[in-house]
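Q: Handing you a structure now.
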Amino acid sequence: MSADDSDLVRCPQCGENAAPGGRFCENCGTPLGDAGGPTPPAEVTLEMAPTVVDPDPATGDSAARRPCAACGGVIAPDGYCTDCGTPGQSERDHFEERPAGWVAGVCDRGVRHARNEDAMALAASGTFAALVVCDGVSSAPDSDVASLAASRAARDVLVAYGPDGPSSVEGTPNRRIAGWTDAMVAASRAAGQAVRGAAEQLAAVKGTEVTDDPPSCTFVAAVVDADLIVAGWLGDSRVYWLPDTGPAEQLSVDDSWAQEMIAAGIPRAQAESSPQAHAITRWLGPDAPDTDAHCAATVPSGPGWLLVCSDGLWNYCSDAHEMGELVRRFATCGDPHAAAAALVRWANAQGGRDNITAALARVAVEPTVTEQR
Amino acid sequence: MAEFSAEVFQNEFLSDGATDVHAVVSVTCTGAGAAGVTGAIPGGAGGVAEIIAVDTSGSMQGRNMEAAKHAAAVAVDQIPDGTLFAIIGGSHVATRIFPYPNARVPMVAMEPAARSEAKRAIATMAASGGTAISTWLRLADDLFATTPVAQKHLILLTDGKNESEPTMHLDRMIADVTGHFQCDARGVGDRWVVEELRKISTALLGTVDLIARPEDIAEDFAALVRKSMARGVAAVDLRVWAPQGSQVLFVKQVAPEVDDLTGRRTEVNPLTSAYPTGAWADETRDYHVAVRVAAKPVGSEQLAARVQVAVDGEVTAAGLVKAKWSDDSTLTARISPEVAHYTGQAELASAIQEGLAAKAAGDEATATVKLGRAVQLAAETGNDDATSRLRKIVEVENEEEGTVRLKRNTAKLDEMALDTASTKTTRVRRA
Chain A
216 MSADDSDLVR CPQCGENAAP GGRFCENCGT PLGDAGGPTP PAEVTLEMAP TVVDPDPATG
276 DSAARRPCAA CGGVIAPDGY CTDCGTPGQS ERDHFEERPA GWVAGVCDRG VRHARNEDAM
336 ALAASGTFAA LVVCDGVSSA PDSDVASLAA SRAARDVLVA YGPDGPSSVE GTPNRRIAGW
396 TDAMVAASRA AGQAVRGAAE QLAAVKGTEV TDDPPSCTFV AAVVDADLIV AGWLGDSRVY
456 WLPDTGPAEQ LSVDDSWAQE MIAAGIPRAQ AESSPQAHAI TRWLGPDAPD TDAHCAATVP
516 SGPGWLLVCS DGLWNYCSDA HEMGELVRRF ATCGDPHAAA AALVRWANAQ GGRDNITAAL
576 ARVAVEPTVT EQR
Chain B
189 MAEFSAEVFQ NEFLSDGATD VHAVVSVTCT GAGAAGVTGA IPGGAGGVAE IIAVDTSGSM
249 QGRNMEAAKH AAAVAVDQIP DGTLFAIIGG SHVATRIFPY PNARVPMVAM EPAARSEAKR
309 AIATMAASGG TAISTWLRLA DDLFATTPVA QKHLILLTDG KNESEPTMHL DRMIADVTGH
369 FQCDARGVGD RWVVEELRKI STALLGTVDL IARPEDIAED FAALVRKSMA RGVAAVDLRV
429 WAPQGSQVLF VKQVAPEVDD LTGRRTEVNP LTSAYPTGAW ADETRDYHVA VRVAAKPVGS
489 EQLAARVQVA VDGEVTAAGL VKAKWSDDST LTARISPEVA HYTGQAELAS AIQEGLAAKA
549 AGDEATATVK LGRAVQLAAE TGNDDATSRL RKIVEVENEE EGTVRLKRNT AKLDEMALDT
609 ASTKTTRVRR A
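Protein chains in written order, with this note's numbering: chain A, 216 to 588; chain B, 189 to 619.
Structure (structure tokens):
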């Protein structure tokens, strides 16, 4: 296809110009529809066990028919609510996890996008927690499969380094920070491997080469190990540490064009509102140069909220201090599940332009007392 | 077993803030079987009952009466053995011709002896008296009420106006018998009133038509009986579910004839309405459904209606009418070709009827405008039938722009033919 103006394709959903030959819109992820191309082959999907927050205590089984998200009514077999007609959400479009009372996350398709390419995987045990979020690149097809595979692979690696796992990280804080940094890199490599595996499987099903438009995603993970937090990332999904007292901070540093501009001195508001702002400079995928996560650690001096989220949330509230205010507003009850759900609803209310994931952990570290001597 | 399928044609994309969703739902019945063979009521009487009501008023004397008697006999030949039937002669009073007035049974099942006796009774019919059609409907209703069959069908023939009773009587009687049986009404000659018979046939889920020459009545009756016998499914309801807070604007049958069902709605539950559609043979009928929903933000999706086919209270087929809000005008500006075609056909029907009414009232200006619009629509939608009938009434100067001149000496029959056929639609041509 020649790239002259008459061949310019516009996305039917959001109106953005799409790359010639692109099968998905880079802005909103809608399939662009081939002009006489081959019919799409069968999809490769990951087994999505229904993630359930609270199994029914009486029967012990999960809510097989989740209620309508808009009005709470029953979803009919044809996929729409019997009261208000809102389409039922598939598991992939909206799921929630709560591995412990102090760790929870919500992953949602948002309003504008046709698919949910965000994914999330959480784990917790005692004072240990692992939170992983991956944001699929919407201009590459099947990134939703990739992001789900990546997040689960990374979480499993982190759990292996946790207190119940075979390679448990132990020792003084400094030794544990070093141990967890290694664990983070192992996790991101495993995630990258999972994406590559998914890409090969998909290519085999479709009969194409892996290098044509490979599925890709960002990676961000945070580990709470009793008294310390270690974060690792590739791309522009973020980790925020939001203490109850003291300054809020963004632990991760975006691997994005906007961040490079900010580092070069351009004001944050200008850099973030530019059309190229979201071009990511590091990611997971078959065409990624390397998949070693960059890491950062912090030793909290008091209790607070750890937030791991995708850009579907922070696009509406980028500054760390404002994010702290926002989370505090929704987290007055102290329940991370309610707070995460509220954050997702808030982001949808702002327009839901992208998929939204918010994972929260309530870190209840005793404030260190500095004694006056 | 009869099988129903429903196909939905629509443009589901709405612009930001738009609320009205239009869709054409095409319902097809296959395997309906023959009437009376597949009993629609499980365990009960299936079967059909046929009544033929022939005008025996004074005006029928002569050719009309002879032709009507001949037609009734032909119809009797078409009724298969086992079907309950009766013959009514109607003037300002209604008389049961067969079974004989002194017979103990109200209706008899067809068999060779009954067939020959019925024809003998028909031969004795004579024309005298006025015309009060409500009495014919009342007698038919009384006879039908004595049978437990699922499908009840009346063929009614008249040649003149319903002049022996006030309009109110007929209207009231129509309302009383609605839902009890289906009726196909026929008018012979040019002295009857299309609107009178159309009132009957629309309420009683049947057709109305003009028979120009008395000689043609027999063939028409035979076809009507055959059509009735081919309907294997007795009572089919069209059900429309619309979401909480929405409003069903209208439900119209648009093929093979235009028929507004909106007024016949009954409630199944607060969100679902049912519209009776009578008996079905192997056939396809198209419906135009319009629903108004509350606008949702761009990117949202909502189900605007579930259109279901219910036989004996059980839903056997369904189509989904969707709404998706988008800010891409190339998507939202499109009109589904099916919706556009049938909207045009419905407009064509009303343009014809209003134009003829204006012409009859002497308002030539309105008649010219309306019939001109009808010519334009008929050409656009490829309705050649309507075009040829229109050309008998108007002189067409420019088909595309709809400029016409009323013809001076139009035959009343031609006007009536146009009127009765106005509701017949052409189906949309599927690519």
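Virtual Cβ for every residue (Gly too), placed ideally from N, Cα, C. Since the structure is predicted, the reported quantities are computational estimates derived from the model, not experimental observations.
(1) So that I know if they touch, is there some Cβ in chain A lying closer than 9 Å to that of B/Ala211?
(2) Would you kindly report the start and end of the unbroken alpha helix (DSSP H) that includes B/Met604?
(3) Whose C-alpha, out of B/Tyr475, B/Ala406, B/Glu583, is nearest the C-alpha of B/Gln441?
(4) What's the call for A/Leu337, buried or exposed, on a 16-neighbour Cβ count within 10 Å?
(5) Is there a C-beta anywhere in chain A that falls below 9 Å from the one on B/Arg494?
(6) With a cut-off of 9 Å, does the C-beta of A/Pro282 fall near any C-beta of chain B?
(7) Residues of chain A with CB under 7 Å from B/Pro300, in chain order?
(8) Apart from the five residues on each side of it in sequence, which residues of its chain come closer than 6 Å, Cβ to Cβ, to A/Pro430?
(9) Measuring CB to CB, does A/Phe434 end up less than 9 Å from A/Leu499?
(10) Would A/Thr506 be called buried (16 or more neighbouring beta carbons within 10 Å of its own) or exposed?
(11) Taking B/Pro287 as the query, report the chain A residues whose CB atoms sit under 7 Å from its CB, ordered along the chain.
(12) To the nearest angstrom, how far is the alpha carbon of A/Pro551 from that of B/Arg473?
(13) With a cut-off of 9 Å, does the C-beta of A/Arg327 fall near any C-beta of chain B?
(14) What are the residues in the segment 458–489 of chain B lying within 8 Å of chain A by C-beta distance?
(15) Using a Cβ cut-off of 8 Å, pull out every chain B residue sitting near A/Pro302, in sequence order please.
(16) Identify the contact partners of A/Tyr531 in chain B, using a Cβ-Cβ distance below 7 Å as the criterion.
(17) Pull up the distance between the alpha-carbon of B/Ala562 and that of B/Glu535, whole angstroms please.
(18) Taking just the CA atoms, how far does A/Asp428 sit from A/Ala213?
(19) For the alpha helix (DSSP H) containing B/Pro464, name the first residue and the last one.
(20) Nearest CA to the CA of B/Thr504: which residue from B/Val215, B/Ala263, B/Pro485?
(21) Note down, in chain order, all residues in the segment 415–444 of chain B with a beta-carbon under 9 Å from any beta-carbon belonging to chain A.
(22) Could you check the C-alpha separation between A/Ala446 and A/Arg560 for me, to the nearest Å?
(23) Under 8 Å: do the segment 514–524 of chain B and the segment 550–561 of chain B share three or more Cβ pairs, one atom per stretch?
(24) Quick one: measure Cβ to Cβ for B/Glu445 and B/Thr395, integer angstroms, because I've assumed they're closer than 8 Å.
(25) Among A/Ala345, A/Ser383, A/Glu487, A/Gly567, which residue has its Cα nearest to the Cα of A/Asp470?
(26) Please confirm whether any heavy atom of the ligand ATP lies closer than 8 Å to the CB of B/Val281.
(27) In the DSSP assignment, the alpha helix (DSSP H) including B/Arg473 goes from what residue to what residue?
(28) Would you mind telling me which residues of chain B sit closer than 8 Å to A/Cys299, beta carbon to beta carbon, in chain order?
(29) For the alpha helix (DSSP H) containing A/Leu593, list its first residue and its last residue.
(30) What distance in whole Å lies between the Cβ atoms of B/Ser416 and B/Val236, which are believed to be in contact at a cut-off of 8 Å?
(31) Straight-line CA distance for A/Val384 to A/Ala393?
(32) Counting only the same chain and skipping the five closest in sequence on each side, list residues whose C-beta sits under 7 Å from that of B/Tyr288.
(33) Please report whether the beta-carbon of B/Ala506 lies at a distance below 9 Å from any beta-carbon of chain A.
(34) Closer than 9 Å, CB to CB, is A/Asn570 near chain B or not?
(35) What does DSSP give as the partner residue(s) for B/Asn350 in the beta ladder?
(36) I'd like to check one pair, B/Leu385 with B/Arg401: are the Cβ atoms closer than 9 Å?
A: By the coordinates alone:
(1) Locating residue 211 of chain B in the second sequence gives position 23, counting from the first residue. False, the Cβ-Cβ gap to chain A never drops below 9 Å.
(2) Numbered from 1 along the second sequence, position 416 holds the residue referred to as residue 604 of chain B. Element bounds for B/Met604: 600–609.
(3) One-based indexing of the second sequence puts residue 441 of chain B at position 253. Measuring from the Cα of B/Gln441, the nearest candidate turns out to be B/Tyr475.
(4) As a first step, residue 337 of chain A must be located in the first sequence, where it is residue number 122. Per the 10 Å Cβ criterion, buried.
(5) For the purposes of this step, residue 494 of chain B is taken as the residue at position 306 of the second sequence. So yes, B/Arg494 belongs to the interface.
(6) Translated into the one-based positions of the first sequence, residue 282 of chain A becomes position 67. Judged by the 9 Å Cβ criterion, A/Pro282 is not in contact with chain B.
(7) Position 112 of the second sequence holds residue 300 of chain B. Chain A residues near B/Pro300: none, gap ~52 Å exceeds 7 Å.
(8) Looking up residue 430 of chain A in the first sequence gives position 215. Here the set comprises Ala355, Asp357, Ser358, Ala361, Ala414.
(9) Counting from 1 along the first sequence, the entry for residue 434 of chain A is found at position 219. Counting from 1 along the first sequence, the entry for residue 499 of chain A is found at position 284. Yes. Within cutoff.
(10) For the purposes of this step, residue 506 of chain A is identified with residue 291 of the first sequence, where counting begins at 1. Buried, by the Cβ-count rule.
(11) Against the second sequence, residue 287 of chain B aligns to sequence position 99. None at all; the shortest Cβ gap to chain A is about 51 Å.
(12) For the purposes of this step, residue 551 of chain A is identified with residue 336 of the first sequence, where counting begins at 1. For the purposes of this step, residue 473 of chain B is identified with residue 285 of the second sequence, where counting begins at 1. Rounded to the nearest angstrom, the two C-alpha atoms are 55 Å apart.
(13) Residue numbering aside, residue 327 of chain A sits at position 112 when the first sequence is read from its first letter. Judged by the 9 Å Cβ criterion, A/Arg327 is in contact with chain B.
(14) Leu459, Val481, Pro485, Val486, Gly487, Ser488, Glu489
(15) Sequence index remark: in the first sequence, residue 302 of chain A carries index 87 (1-based). The contacting residues are Glu489, Gln490, Leu491.
(16) For this step, residue 531 of chain A is matched to residue 316 along the first sequence. Going along chain B, no residue has its Cβ under 7 Å from A/Tyr531, so there is no contact; the nearest lies around 15 Å.
(17) As a working mapping, residue 562 of chain B is identified with position 374 in the second sequence. As a working mapping, residue 535 of chain B is identified with position 347 in the second sequence. Each residue's Cα considered, the two are about 8 Å apart.
(18) Look at the range of chain A in this structure, 216 to 588, and you will see that residue 213 of chain A is not part of it.
(19) Taking the second sequence and counting its residues from 1, one reaches residue 464 of chain B at position 276. It is not in any alpha helix (DSSP H) - B/Pro464 instead sits in the beta strand (DSSP E) that spans 460–464.
(20) Locating residue 504 of chain B in the second sequence gives position 316, where the first residue counts as 1. Of the listed residues, the one whose Cα sits closest to B/Thr504 is B/Val215.
(21) Trp429, Ala430, Pro431, Gln432, Gly433, Ser434
(22) As a working note, residue 446 of chain A is residue 231 in the first sequence. As a working note, residue 560 of chain A is residue 345 in the first sequence. So the two alpha carbons sit approximately 26 Å from each other.
(23) no
(24) Mapped onto the second sequence, residue 445 of chain B falls at position 257. Mapped onto the second sequence, residue 395 of chain B falls at position 207. At roughly 7 Å, the Cβ-Cβ gap stays under 8 Å, so B/Glu445 and B/Thr395 are in contact.
(25) For the purposes of this step, residue 470 of chain A is taken as residue 255 along the first sequence, with counting starting at 1. Checked all of A/Ala345, A/Ser383, A/Glu487, A/Gly567; the closest Cα to A/Asp470 is A/Glu487.
(26) Inclusion of the ligand ATP in the displayed structure is not the case, the ligand content being empty and no account of it being possible.
(27) Position 285 of the second sequence, counted from the start, is the residue given in the question as residue 473 of chain B. Counting along the chain, B/Arg473 falls outside any alpha helix (DSSP H), though it belongs to the beta strand (DSSP E) covering 471–480.
(28) Stepping through the first sequence from its first residue, residue 299 of chain A is reached at position 84. Those are Pro431, Gln432, Gly433, Gln490, listed as they occur along chain B.
(29) Not covered by the structure: residue 593 of chain A. The range shown for chain A is 216 to 588.
(30) On the second sequence, residue 236 of chain B is found 48 positions in, with the first residue counted as 1. On the second sequence, residue 416 of chain B is found 228 positions in, with the first residue counted as 1. 7 Å between Cβ atoms; contact.
(31) Stepping through the first sequence from its first residue, residue 384 of chain A is reached at position 169. Stepping through the first sequence from its first residue, residue 393 of chain A is reached at position 178. Cα-Cα distance, rounded: 9 Å.
(32) Counting from 1 along the second sequence, the entry for residue 288 of chain B is found at position 100. So the list reads Ala309, once near-sequence residues are dropped.
(33) Position 318 of the second sequence, counted from the first residue, corresponds to residue 506 of chain B. Output row for B/Ala506: interface = yes.
(34) One-based indexing of the first sequence puts residue 570 of chain A at position 355. Closer than 9 Å: no.
(35) Against the second sequence, residue 350 of chain B aligns to sequence position 162. None; B/Asn350 has no bridge partner.
(36) Counting from one through the second sequence, the residue named residue 401 of chain B turns up at place 213. Counting from one through the second sequence, the residue named residue 385 of chain B turns up at place 197. Taking 9 Å as the Cβ cut-off, B/Arg401 and B/Leu385 do not qualify as a contacting pair.
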